[in-house]
Amino acid sequence: MKRLLAALQFLTILPMPRRFYPDERALKGSLLFFPVVGLLIGAAVALADRGLGHLFPLWVTSVLAVILLIVASGALHIDGLADTADGFFSVRSRERILDIMKDSRTGPMGVVAIVCVVFLKIALLASVSGAWRWWVLVMMPIAGRCALLVHLALLSYARPEGGIADIFHAGCSRGYAFWALLFLFASGALMGGMPGLLAGVVACGISLFFAVFSFWKIGGFTGDTLGAACELTELGPALAVAALLHGAGA
């Protein structure tokens, strides 16, 4: 239970008991529950979307659903996306990229990245309705949190100084990447059948592509690139289903 609470504390804005201070062992153990937290976030957002759908048109509920996904994590991941975009698209050396990413100020590329990803999520969700919609909303945060484990397991920590991301990395073996992918594909298959599996494949492809891109740019990962990986991988299920529905003329 302590490991699940540690995962919820780190990945969401849910209030924890005042006396709850997870130690390093609990933080490392919480990795196992990252996909579970994604499932809980997705279920909550899908349930809220179902209720809001009785009050508002589809495009409004799509906007609100994306807002809920951002708020659920305290905007932690989308902030990482902005910092990563500022650094990666600065066309600087590895060391300078890392310095730019540490700057708390958001540059123009960071703003562009946020706008593009948020608008794309809204547009994709607005194109998905009916029985498809609920499991896409559940799959999106699952995919994003599974991406965190994939990057932690496959990449090295890029900064010379330690940080909380380094603590997670020290406790994340390759087995966690396998667990993340198993959870992702099993969730997709159970909720969406073959389209769900396809959604998992697309999400996995985005995550792995960005892992390669991060390695090329800075030789590994940082806390910011983990946030970016989460936000970008969340697009996978929505992209896959929107393409399927459009191709089928639905």
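Once you know that position 192 of the sequence shown is 191 in numbering that gives the first Met the number 0, the rest is easy, because the numbers rise by one and skip nothing.
Using N, Cα and C, we set each Cβ at its ideal position, and we do this for glycine too.
- Going by beta carbons, THR83 and ALA202 fall outside the 8 angstroms limit.
- Residue pairing by DSSP puts TYR156 in a beta bridge opposite PHE220.
- The three-state reading of DSSP puts GLY143 in helix, counting H, G and I together.
- Bounds of the alpha helix (DSSP H) holding VAL110 are 107 to 125.
- Boundaries of the alpha helix (DSSP H) harbouring VAL36: 33 to 51, taken from the DSSP string.
- Secondary structure within the stretch 55 to 94: the alpha helix (DSSP H) runs of 4 or more consecutive residues, fully enclosed, are 57 to 71 and 75 to 87 (chain order).
- When TRP134, GLU160, ARG93 and VAL110 are compared, the shortest CA-CA separation from VAL240 is found for TRP134.
- Collapsing the DSSP output to three states places PRO14 in coil.
- Look at the stretch 169 to 228 and you find these whole runs of alpha helix (DSSP H), each 4 residues long or longer: 173 to 217.
- For LEU30, there is no enclosing alpha helix (DSSP H), as DSSP marks it with neither H nor E.
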